[in-house]
Amino acid sequence: MTLDDPVAHCPRRLYPFGNGNPHTSELEPEYWSHGPISPVVFTSGLRAWLVTGHDLVRMVLADPRFSREHANREHVARLTLELLPPAAILANDPPRHTRLRMRIAAMFAPRQVAALEPTVAAAAEKLATRMEAAGGPVELISAYIQPFAAAVVCDLFGVPDRFREQVFTLGDALTDRDATAEALAEARAECEELTREMAATNPTGVFAMLGESAETDDEVVNLVIACLIGGRGSPTIFLSSAVLTLLRDRARYQLLADNPGAIPVAVEELLRMVPVGISGGFTRVATTDVQLGPVLVRAGDAVVPATIAAGRDPAVFDRPDELVLDRDGRARHLAFGHGTHFCIGASLARMEARIALTQLVSRFPALHLGDAENGVVWRHGRVNRALERLEVAWTPR
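Residue numbers (our numbering): 13 to 409.
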């Protein structure tokens, strides 16, 4: 079957499923209802192959015949969920992608991440202490999760305190799915100016170094956006949804409160189960004909590797739809991707999640959801499945 075959057009399955409304942490069953690879149609009209089988997703992510650069260049106007400037690291293939990635690789090296751990732990402890002193109920994202993620990435990159709020205000504007082209251009221009100002403030710092080694201003700004905005946004989204998942079945949270040593393995299972993005994965375009499982993907076809769906593949995971906190799945889930575009911040993200959850269950062993009716609110109009509000409460120790 190819996208030109009649069967590929019927039924017409609009993607993202549910019109992309991030109102739940559960995945739509349509991800698996048509097998490990099936045709879908983006709301813009672009036809694509949705890949959900674990082995096939790994193949798409690792095979250079599936190009991010071609997707961004040829289909960007019709992939509004994935609007990326041409100089963005995620919009490129090797060798340009390799050159861009190497600019920031040292920041995320295991030794650098390990050296940051005491600072990360101190940030979590400070925020937990402040939250405990204020008393519950509290909105957990604004009180603990988001400032924690922001502090970690700003400390890693040496962002001066006076610039931090502005950086993330711009980040919110740049990731707003409903923003106009004019608003995005304005936010981007402000980000360029802010990047230059931070470089001038510290001539020997990270931002100055990036400016000296980059070929264009666009490259510098895109690396800053990818690292700082992604470095706050992705951990915030994941940790918020992970805590909600644990508290919806209170026994799960209590299991970790009673045994914090189980948290590293539990984090891997949460990474497997908790959906972060609306659209499953960044689209690739086949640069030549490729046999992908039962399907012949033609040159020029768009392909969506749905990594979160791959984490529910029954051929790889026993009881794939169950959250099994002691499941040993680190080597198999694809939450951080695979191949050339494997998440450069994976080791930092794991460390953040481990420390944030350990501090939370240790300081608040009796944590529970707050207002049942209004305490959980999902954010709409974004690229990701993000919580807007997560109210929690606890019994004082």
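A virtual CB, placed ideally from N, CA and C, is assigned to each residue, including glycine. From a predicted model like this one, the values you see are computed outputs, not experimental measurements.
Check whether Ile241 and Gly289 have beta carbons under 8 angstroms apart: Along the sequence shown, read from residue 1 onward, the residue named residue 241 stands at position 229. Along the sequence shown, read from residue 1 onward, the residue named residue 289 stands at position 277. No, the pair does not count as a contact, with Cβ atoms beyond the cut-off.
Cβ-Cβ separation, Arg339 to Pro332 (assumed contact under 8 angstroms), whole Å: The count along the sequence shown starts at 1 and reaches residue 332 at position 320. The count along the sequence shown starts at 1 and reaches residue 339 at position 327. Contact between Pro332 and Arg339 fails: their C-beta atoms lie close to 10 angstroms from each other, not under 8 angstroms.
Per-residue DSSP class, three states only, for Ala298: Within the sequence shown, residue 298 is the residue found at index 286, counting from 1. Strand.
Whole alpha helix (DSSP H) elements within the segment 123-173, 4-residue minimum: 158-169
8 angstroms Cβ shell around Trp61 - same chain, five flanking residues per side excluded: In the sequence shown, the residue the question calls residue 61 occupies position 49. Closer than 8 angstroms at Cβ, skipping near neighbours: Leu15, Ile49, Ser50, Pro51, Val52, Leu304, Val307, Val309, Asp313, Ala314, Val315, Val316.
Proximity test, Phe120 beta-carbon vs the ligand SAH heavy atom, cut-off 7 angstroms: This structure lacks the ligand SAH; in fact it carries no ligand of any kind.
Proximity winner among Arg70, Trp44, Phe54, relative to Gly349 (alpha-carbon distances): By 1-based counting over the sequence shown, the position of residue 349 is 337. Out of Arg70, Trp44, Phe54, Arg70 has the C-alpha closest to the C-alpha of Gly349.
8 angstroms contact criterion, which Ala161 and Pro276 should meet: CB distance rounded: Taking the first residue of the sequence shown as position 1, residue 161 is located at position 149. Taking the first residue of the sequence shown as position 1, residue 276 is located at position 264. Incorrect: roughly 18 angstroms between the Cβ atoms, too far for contact.
Best match in Gly148, Asn271, Ala118 for proximity to Val218 [C-alpha to C-alpha]: Position 206 of the sequence shown holds residue 218. Looking at the Cα atoms, Ala118 is the closest of the given residues.
Short Cβ contact (8 angstroms threshold) for Val179 with Glu364: Here residue 179 corresponds to residue number 167 of the sequence shown, with the count starting at 1. Here residue 364 corresponds to residue number 352 of the sequence shown, with the count starting at 1. No; because the gap between Cβ atoms is not below 8 angstroms, this pair is not in contact.
Uninterrupted beta strand (DSSP E) stretches inside the segment 297-384 (no shorter than 3 residues): 302-304, 307-309, 314-317
Simplified DSSP assignment, three categories, for Pro51: Looking up residue 51 in the sequence shown gives position 39. Three-state DSSP puts Pro51 in a strand.
Segment contact, 8 angstroms Cβ cut-off, at least three pairs: the segment 352-369 with the segment 242-261: yes
Where Met114 falls, given that 16 or more other Cβ within 10 Å makes a residue buried: Counting from 1 along the sequence shown, the entry for residue 114 is found at position 102. The residue is exposed, with fewer than 16 neighbouring Cβ atoms inside 10 Å.
Same chain only: Cβ atoms within 7 angstroms of Glu144, ignoring 5 sequence neighbours per side: By 1-based counting over the sequence shown, the position of residue 144 is 132. Here the set comprises Arg375.
Run of the alpha helix (DSSP H) containing Arg244, from where it starts to where it stops: Here residue 244 corresponds to residue number 232 of the sequence shown, with the count starting at 1. According to the DSSP assignment, Arg244 belongs to the alpha helix (DSSP H) that extends over 242-260.
Boundaries of the alpha helix (DSSP H) in which Val277 is found, first to last residue: Taking the sequence shown and counting its residues from 1, one reaches residue 277 at position 265. 275-285 is the span of the alpha helix (DSSP H), which, as asked, contains Val277.
Helix, strand or coil at Glu227 [DSSP, three-state]: By 1-based counting over the sequence shown, the position of residue 227 is 215. In the three-state reduction of the DSSP assignment, Glu227 falls in the coil class.
Short Cβ contact (8 angstroms threshold) for Glu403 with Glu151: Here residue 403 corresponds to residue number 391 of the sequence shown, with the count starting at 1. Here residue 151 corresponds to residue number 139 of the sequence shown, with the count starting at 1. Between Glu403 and Glu151, the gap from beta carbon to beta carbon is short of 8 angstroms.
Beta-carbon proximity check, Gly293 vs Thr319, cutoff 8 angstroms: For the purposes of this step, residue 293 is taken as the residue at position 281 of the sequence shown. For the purposes of this step, residue 319 is taken as the residue at position 307 of the sequence shown. Cβ distance < 8 angstroms, so Gly293 and Thr319 count as in contact.
Beta-carbon separation (whole angstroms), Arg264 vs Leu335, contact threshold 8 angstroms: For the purposes of this step, residue 264 is identified with residue 252 of the sequence shown, where counting begins at 1. For the purposes of this step, residue 335 is identified with residue 323 of the sequence shown, where counting begins at 1. Contact check for Arg264 and Leu335: beta-carbon distance about 7 angstroms, within the 8 angstroms limit, so the pair qualifies.
Neighbour-count burial assignment, Arg284, 16 or more Cβ in a 10 Å radius: Taking the first residue of the sequence shown as 1, we reach residue 284 at position 272. The residue is buried, with at least 16 neighbouring Cβ atoms inside 10 Å.
Collapsed DSSP secondary structure at Glu202 in the structure displayed: Walking along the sequence shown from the start, residue 202 turns up at place 190. Looking at Glu202 - three-state DSSP - the assignment turns out to be helix.
Cβ-based neighbour list, Ile237, same chain, cut-off 8 angstroms, excluding 5 preceding and 5 following: In the sequence shown, the residue the question calls residue 237 occupies position 225. For Ile237, where only same-chain residues beyond five positions count, the Cβ hits under 8 angstroms are Ala100, Gly183, Leu186, Cys203.
From Ala311, Val286, Leu282, Phe169, residue whose alpha carbon lies closest to that of Arg296: As a first step, residue 296 is located in the sequence shown; it is residue number 284 there, counting from the start. It is Ala311 whose Cα lies nearest to the Cα of Arg296.
Anticipated Cβ contact below 8 angstroms, Leu369 with Val279, distance rounded: The residue labelled residue 369 in the question sits at position 357 within the sequence shown. The residue labelled residue 279 in the question sits at position 267 within the sequence shown. So it is a contact: roughly 7 angstroms between Cβ atoms.
Arg59 - partner residues in DSSP beta bridges: Translated into positions along the sequence shown, residue 59 becomes position 47. In DSSP, Arg59 forms a bridge with Val53.
Supposed close pair Arg391, Leu399 - CB separation, criterion 8 angstroms: Numbered from 1 along the sequence shown, position 379 holds the residue referred to as residue 391. Numbered from 1 along the sequence shown, position 387 holds the residue referred to as residue 399. About 7 angstroms separates the two Cβ atoms, so the contact holds.
Extent of the continuous beta strand (DSSP E) to which Leu402 belongs: Along the sequence shown, read from residue 1 onward, the residue named residue 402 stands at position 390. Start and end: 399-405.
Nearest candidate by alpha-carbon position, reference Ile367, set Val171, Met210, Ala126: Counting from one through the sequence shown, the residue named residue 367 turns up at place 355. It is Ala126.
Through-space distance from Glu224 to Arg108, alpha-carbon basis: Counted from its first residue, the sequence shown places residue 108 at position 96. Counted from its first residue, the sequence shown places residue 224 at position 212. Near 17 angstroms, if we compare the C-alpha coordinates of Glu224 and Arg108.
Nearest neighbour of Val373, chosen from Ala327, Val255, Ile116 [CA to CA]: Translated into positions along the sequence shown, residue 373 becomes position 361. Cα-wise, what sits closest to Val373 is Val255.
Opening and closing residue of the beta strand (DSSP E) in which Val388 lies: Residue mapping note: residue 388 aligns to position 376 of the sequence shown, counting from 1. Where Val388 is concerned, the enclosing beta strand (DSSP E) stretches over 388-390.
8 angstroms Cβ shell around Thr257 - same chain, five flanking residues per side excluded: Translated into positions along the sequence shown, residue 257 becomes position 245. Within the same chain, Thr257 has close Cβ partners Ser37, Arg264, Leu282, Met285, Val286, Leu335.
His46, enclosing alpha helix (DSSP H) - first and last residue: Within the sequence shown, residue 46 is the residue found at index 34, counting from 1. Careful: His46 lies outside any alpha helix (DSSP H) and carries neither H nor E.
8 angstroms Cβ cutoff met for Gln371 and Glu137: Translated into positions along the sequence shown, residue 371 becomes position 359. Translated into positions along the sequence shown, residue 137 becomes position 125. Closer than 8 angstroms, so yes.
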